[in-house]
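Using full-length UniProt numbering, the letters of the sequence shown correspond one by one to residues 1 to 466. Presented below is the structure to which this report refers.
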Amino acid sequence: MDTKVMTIIVAALVLFVFLIVLIASYKKAAPDEALIITGAALSGSSVEVNQETNSRVKIVKGGGVFVIPILQQATSMSLTTMKIDVTVSNTQSKTMVPVNVNATAILRVGSPKPMIAIASEKILGLSGEELREQLEEMVRGQIRTIVAEMEPIALVQDKQGFSESVLNNVVDQMGKFGLEVTGFTITNISDDNGFYSSTYKADIADKRREAANAIAIADFDMRKVAAENEEAAQEAEQKKAQHVSNFEKETAIIKAKNDKEAAESKAIAEQALALETAKAKKEVAVAEGDVAIIEQEKAAEVATKKVQVAEKEFEATIVTKQNAETKAIKSKAEADAQQIKAIGNAEAEAIQSKGLAEARVQTELAKAMEANGQAVLAQQIIALLPELAKALSEPLSNIDNMTVFNGTKGVTDNSVAGIAQTMAFVKSATGVDLNQIIDQRTSGLVTVSDKKVSASVEAENKAEEI
């Protein structure tokens, strides 16, 4: 009984110990870490083999695994990021100017299992401080390498290019340790000798000088443009004023010219009308003389017929009366007839005398015109000159407002020009040159004292009196 009990107790103790060992050998990885299983009897898809060292490790992420005691060992490795601040002091640039560079890098163990396997070999046994120092030194080395290839001005002006160059080298370097760079920043670039400060001041001075020059040029250009605009505006205003002045002047000249032509046309028309009127009056006078003679002859015939009619009536109506009365009545009728005939003859003789006188005047005038036509015609035209001068002046007197461009002399010249045009018109219409005749009469070379002409003029005057 005791043996069986002891056997059960021993078996239970063994089972309990086995369970404790089994539970103790189960390892579970946290979300931000990986389990690195080393030792013998490694199997499964999680086993990574380093071809260089021919070492084998089993990597477990986000799960658990049983670790065989004594044969295997499980070590956890953090997968969280780490931040390292790096300061590089007085590192030589391409132009031997020492500069200071501050940078910040964000690192972590790579997510792929091969990188975790590399990291497990390179950094798993290092403490946090040792790991930080090694990583900072690697980053400093890469910064020095890039700074030595660049000029100090380029480091500042192309800060992004400088940062990318360092990052590329750091990524390659960290990959060898199974690490990946999630962020890299150049935080500051400076120097202890005042290079950047003097360069900055010189650059500021240059920029201020360029800005001042740009402002001066812009101000000059602005003033130049303003002056050109002002000049263009003044020129446009002057052209406009000149255009308006020229237009007004041309309008006034055209108006004056039109007024002058209208006045001249009116004067010429009135002159022609006056000449035609005078000529028509002459023709009417001659025609009236002929009509008067015919009427006188008709009046004499009418008077004679009246006497004959009276005699016949007297003879027809007084036959039965006494001879004494017949004789008395006949005597009275004869006396009345003689009286009527005498009156009719006197009137006919007067009319005939007037007609003959006018006919003689016309005959004398015709003879005078034939003998001395130019002089007589000139005398008659000269007699009409006052009326023509009045006709010329009437258009000017009808003008309310007159704009004089060349002084009062222009008005006098226009009047004289009108008379001259009238004389030219007379010369073209009649062939009489009044200018020549006036000059000859003034010098005493030509007179109109011919007896025939004087007689014809006197006869015409007498005919008018009759």
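Don't be surprised by glycine CBs; every beta carbon is placed ideally from N, CA and C.
Per the Cβ contact rule, the segment 137 to 145 is not in contact with the segment 190 to 205 (fewer than 3 Cβ pairs under 8 angstroms). Asn188: member of the beta strand (DSSP E) spanning 179 to 190, first to last residue.
The Cβ-Cβ distance between Ala119 and Met77 falls below 8 angstroms. For the set Ala346, Thr185, Met150, the Cα lying nearest the Cα of Ser163 is the one of Thr185. In the DSSP assignment, no residue is bridged to Arg223. Here the C-alpha atom of Ala12 lies approximately 27 angstroms from the C-alpha atom of Gln73. The three-state secondary structure of Ile84, taken from DSSP, is strand. For Ile116, the enclosing alpha helix (DSSP H) begins and ends at 113 to 122. Contact between the segment 86 to 103 and the segment 56 to 76 is absent: fewer than 3 CB-CB pairs across the two stretches fall below 8 angstroms. In the structure shown, the three-state DSSP call for Ile70 is coil.
By the 16-neighbour rule on beta-carbons within 10 angstroms, Ile59 is buried.
The three-state secondary structure of Asn100, taken from DSSP, is strand.
In this structure Thr87 touches Asn102 by the C-beta definition: roughly 5 angstroms separates them, less than 8 angstroms. When DSSP states are grouped into helix, strand and coil, Ser127 belongs to the coil group.
In its chain, beyond the 5 residues on either side, Ile123 have a beta carbon closer than 7 angstroms to the beta carbon of Leu131. Counting C-beta pairs closer than 8 angstroms gives three or more between the segment 144 to 151 and the segment 160 to 177, which meets the contact rule. Under the 10 Å beta carbon count, Tyr196 is surrounded by 16 or more other beta carbons and is classified as buried. Between the beta-carbon of Val109 and that of Gly183 there is about 15 angstroms, and that puts the pair past the 8 angstroms contact cut. Taken through DSSP and simplified to helix, strand or coil, Lys94 comes out as coil. Gly141 and Ser43 have their alpha carbons spaced roughly 40 angstroms apart. Ile37 is bridged by DSSP to Lys58, Ala74. According to DSSP, Tyr26 shares a beta bridge with Phe66.
Apart from sequence neighbours up to five positions away, the residues of its chain that approach Val171 with a beta-carbon distance below 8 angstroms are Glu180, Val181, ordered along the chain. If you look at Ser43, you'll find it isn't in any alpha helix (DSSP H); DSSP assigns it neither H nor E. The C-alpha of Phe220 lies about 28 angstroms from the C-alpha of Lys239.
Between Met115 and the set Gly128, Ile36, Met150, Gln92, the nearest pair of CA atoms involves Ile36. In this chain, the alpha helix (DSSP H) harbouring Leu155 covers 152 to 157. A straight line joining the alpha-carbon of Ala267 with that of Ala424 spans about 13 angstroms. Taken through DSSP and simplified to helix, strand or coil, Glu261 comes out as helix.
CA-CA distance, Phe247 to Ala256, rounds to 14 angstroms. Straight across, the Cα-Cα distance linking Asn229 with Thr251 is about 32 angstroms.
Looking at the DSSP output, Leu275 sits in no beta bridge, so it has no partner there.
Classified as buried, Met174 has 16 or more neighbouring CB atoms from the shown chains inside 10 Å of its CB. The C-alpha of Tyr26 lies about 14 angstroms from the C-alpha of Thr38. Between the alpha carbons of Pro112 and Leu15 lies a gap of roughly 40 angstroms.
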